[in-house]
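Report on the structure given below.
Residue numbers (this note's numbering): 75 to 235.
Okay, here's the thing in structure tokens:
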């Protein structure tokens, strides 16, 4: 995954050294190193060495017993018009208390990144045909958020006390 962007300590950066290998199915040839497995396959192995990725139909609550051991959770955007992963991210951060890396995968585009960040994503794999350097600009987003979000739970009128 060489189009990986990360948000760390208030700064967006391009990460060309991603160590995770995404596996689509049980038949996919595995490589050395940490794997990013689909939920059904991860539940069979339940390994703290591997991360898990969820599709839009997967229930985030199914991960509750294993959240403490998971190193990475990725949420798939099968199409940029499908926003279910935004809700999954929000639930993971707010209701389930997930504090680890939360990665957006799939049809991830520059214009979505600021909103993804507001919903709790802190890593983004930009679609392969897009320029990751250009996508970094999408993380700058708006300078002021009026509504509440995962990263700023107070609306603007409460912050201006």
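Note that beta-carbon positions come from the ideal geometry of N, C-alpha and C, so glycine has one too.
Neighbour-count burial assignment, residue i, 16 or more Cβ in a 10 Å radius
i	result
residue 132	buried
residue 90	exposed
residue 139	exposed
residue 150	buried
residue 107	exposed
residue 142	exposed
residue 120	exposed
residue 198	buried
residue 134	buried
Close beta carbons around residue i, own chain, < 6 Å, minus the five adjacent residues each side
i	result
residue 200	77, 182, 206 and 209
residue 118	none
Helix, strand or coil at residue i according to DSSP, with G and I counted as helix
i	result
residue 177	strand
residue 202	coil
residue 90	coil
residue 80	strand
Close Cβ partners of residue i (< 7 Å) along its chain, the five nearest in sequence each way excluded
i	result
residue 212	184, 185, 187 and 188
residue 164	193, 194 and 224
residue 148	110, 125, 127, 177 and 179
Residue i at chain C interface by Cβ criterion, 9 Å
i	result
residue 177	Looking for chain C here will not work: only one protein chain is present.
C-beta contact flag for residue i and residue j at 9 Å
i	j	result
residue 111	residue 129	no
residue 167	residue 81	no
residue 122	residue 137	no
Own chain, CB closer than 8 Å to residue i, minus 5 neighbours either side, in chain order
i	result
residue 97	104, 109, 110, 111, 112 and 115
Just list the alpha helix (DSSP H) runs in the stretch 107-185, keeping only unbroken ones of 4 residues or longer that don't cross its boundaries, in chain order. 113-119 and 158-168
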